[in-house]
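Mapping the sequence shown onto this note's numbering, position 30 (from 1) lands on 58, and the numbers just tick up by one. Backbone N, C-alpha and C define an ideal beta-carbon position, used for all residues, glycine too. Since the structure is predicted, the reported quantities are computational estimates derived from the model, not experimental observations. Reading through the structure tokens given below for one structure.
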Amino acid sequence: MNKTALSILIAGLIVFTGLLFIGGSKKANNGNGGQAVENSEIRDGIQYITIDAKGGYSPQISNAKAGMPTKLIVKTNGTFDCSASLVIRQANFQKILPQTGETVIDIGVPIAGTPLSGLCGMGMYNFVINFS
Numbered sequence: 029m030n031k032t033a034l035s036i037l038i039a040g041l042i043v044f045t046g047l048l049f050i051g052g053s054k055k056a057n058n059g060n061g062g063q064a065v066e067n068s069e070i071r072d073g074i075q076y077i078t079i080d081a082k083g084g085y086s087p088q089i090s091n092a093k094a095g096m097p098t099k100l101i102v103k104t105n106g107t108f109d110c111s112a113s114l115v116i117r118q119a120n121f122q123k124i125l126p127q128t129g130e131t132v133i134d135i136g137v138p139i140a141g142t143p144l145s146g147l148c149g150m151g152m153y154n155f156v157i158n159f160s
């Protein structure tokens, strides 16, 4: 192989590796781009908010209703990263979530204007639920 072909091959590998890293870092943002989403439903007078935990939390920002009994459902599916170690200080919750499954957390009756924050055990990933 001549020097030109080798240089092109090495440059291609560097670009490909860079694209892999850039694509991976976008996944950690979890797709809602900082926009709050409605990911709650009311069943039998209880509000359920669902968040996925894998490579971070999705959605990162949620909106929900205040003043009603509320439970947070955290879903994992083959989660082996630090997002499985969940800390929610306002709910006195700290637990290693199952690698796959659902964890239901009773967060009581939220007050309007008082957000609920959760983060992974390492502080790398977080989510916020705004109540109004």
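- Residues of the same chain with a CB within less than 7 Å of the CB of Met-152, apart from the 5 flanking positions on each side, are Cys-110 in chain order.
- Taking all protein chains shown into account, Asn-105 has fewer than 16 neighbouring C-beta atoms within 10 Å of its C-beta and is therefore exposed.
- Take the alpha-carbon of Met-150 and the one of Val-132: they are about 21 Å apart.
- DSSP places Gln-127 outside both helix and strand once states are collapsed to three, so it counts as coil.
- Inter-residue distance for Thr-98 and Ile-157 is about 11 Å (C-alpha atoms, whole angstroms).
- Looking only at Asn-91, Lys-82, Ala-112, the smallest Cα-Cα distance to Phe-121 is reached by Ala-112.
- Taking a C-beta distance under 9 Å as the contact criterion, Lys-93 and Ile-70 qualify as a contact pair.
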